[in-house]
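Novice:
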Amino acid sequence: MSSNESNPNTKELLKMTGIHKYFGKVHSLINVDFKIDEGENVGLVGDNGAGKSTLIKVISGYHRAEKGKIYFKGKEVKISSPKDSRALGIETVYQDQALAPDLSISRNIFMGREPVVALGFLKKKVMDEESMDALKNMGLYLKSPNITISTLSGGERQGVAIARALHFKAKLVILDEPTASLSVKEVREVLEFVNQLKRKGIAVIFITHNLHHIFSIADRIVVLSHGEKLADIKKKDTNVDDLSELIIRGTIG
Ligand SMILES: Nc1ncnc2c1ncn2[C@@H]1O[C@H](COP(=O)(O)OP(=O)(O)OP(=O)(O)O)[C@@H](O)[C@H]1O
Ligand SMILES: [Mg+2]
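In my numbering, the protein residues as written are 22 to 274.
1) Are there 16 or more other CB atoms within 10 angstroms of the CB of ASN25, so buried, or fewer, so exposed?
2) If you follow the alpha helix (DSSP H) that GLU127 is part of, which residue opens it and which one closes it?
3) Sorry if obvious, but does the Cβ on VAL47 come closer than 6 Å to a heavy atom of ligand 1?
4) Contact check, GLU61 vs ALA224 under 8 Å by CB: the rounded distance?
5) In this structure, how does DSSP classify SER23 when only helix, strand and coil are distinguished?
6) By the three-class DSSP mapping on this structure, what secondary structure does PHE44 have?
7) So what does ASN62 bridge to, in DSSP terms?
8) If you measure from the CB of SER74, is any heavy atom of ligand 1 nearer than 6 Å?
9) Got a sec, what are the start and stop residues for the alpha helix (DSSP H) ASP263 sits in?
10) Identify every residue that forms a DSSP beta bridge with ASP253.
11) Please check the pair ALA184 and ALA155, which I expect to be a contact at CB under 8 Å, by giving their CB distance rounded to whole angstroms.
12) Suppose you measure from the CA of GLY72 to the CA of LEU35; what does that come to, to the nearest Å?
13) Is SER81 closer than 7 Å to SER106 when the C-beta atoms are compared?
14) State buried or exposed for SER165, treating a residue as buried only when at least 16 other CB atoms are found within 10 Å of its CB.
15) Return the first residue and the last residue of the beta strand (DSSP E) that ASP197 is part of.
16) What residue range does the beta strand (DSSP E) around GLY89 cover?
17) From TYR115 to LYS257, what distance separates their C-alpha atoms?
18) Taking 6 Å as the cut-off, is the CB of GLY70 close to at least one heavy atom of ligand 1?
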C-alpha cells in the first residue's frame, strides 16, 4: 500500500497528510500529517500562533488547505464547508461561538437541524424533550429547555454544546480551548463531559494551553510549532514537564 492510502480495515477515523495552509504570505500549516482513531482522545498543543486552530478549522470546513489530503474512515474526502464536516459526523465546539446566547437551550441544541413535523407546537415539544434527554445523558441537570443560554455558566454552556454533538451522533468532537476563562469548578465539569464522550466511544481533539487538562484526558498528544508538527507522543511516554519544555523550546534536541 502506498503511503497516501489508508487501510479501511483499521479503526482509523480521520487522517490528514501533507497539509499546507497559507494566509497570504503566512505559511500557517507546513506539511502537517495528523490522524485520530475511532474513540481516541488527542490533545493538540503548541504556543500561540502555532497553527492549532487553523488545523482544526481545516477539519471543520472553515478553511480549505491549499495542499494535502484528508481521509475519513479510509476514504479520501473533500471538506469544503462546515456542512461537509458535519455530514461526516464531525462537530466542532468553539469557546465563544459555540452557541447563540439569546436563544433557549433547546433551540441551540437543534439549531439548523430542527425535526420536520407538521405542527409547530409538536415540533417544540419534541425538541424540548430530546434536549433535556441529551443533557441528562451527559449528567447535566438543567431546570428547563427554555432558559436562555446567556443565563448559564461557562461550564454549562460547554455542556450544552457537547450534548448537541452527542445528540446528533458525532463520531469526532473537536474542542478548541473549551476550558479557557472557566472557573476551577467549571473546568472540572467540562473535563468530565469530555470523559463522557470518551466513554461513549466518540473521538475527541482537545486544544488547550493547560497541559494538566491535556494530561487528565488525552491518550496521545500532538505538538505544533510555527505551523509544523513537532511531536506526536503517547501520554504514557511523556509528562507535563517534558512537554512544557518542548513547547517552550519549539524544537526537538
Ligand atoms: N484568518 C486568518 N487570516 C490571517 N492569518 C491567520 C488567520 N488565522 C490564523 N492566521 C495566522 O496563522 C497562524 C496560526 O494561527 P492559529 O490561530 O492557528 O494559531 P493557534 O495555535 O490556534 O494559536 P492560539 O493558541 O493563540 O489560539 C498565526 O500566525 C496566525 O496569525
Ligand atoms: Mg487557537
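Glycine is no exception: its CB is placed at the ideal position from the N, C-alpha and C atoms.
Specialist: Let me lay it out:
1) Confidence at ASN25 is low in this model, with a pLDDT of 45, below 50, so the placement of that residue should be treated as unreliable; the coordinate-derived value is given next. Exposed, because fewer than 16 other Cβ atoms sit within 10 Å of the Cβ of ASN25.
2) Contrary to the premise, residue 127 reads as Ser rather than Glu in this sequence. It spans 126–131 - the alpha helix (DSSP H) in which SER127 sits, taken as one unbroken run.
3) yes
4) 5 Å
5) In this prediction, SER23 scores a pLDDT of 44, lower than 50, which makes its location untrustworthy; the coordinate-derived value is nonetheless stated afterwards. Three-state DSSP puts SER23 in coil, outside helix and strand.
6) strand
7) VAL225
8) yes
9) 261–270
10) VAL243
11) 4 Å
12) 18 Å
13) yes
14) exposed
15) 193–197
16) 88–93
17) 28 Å
18) yes
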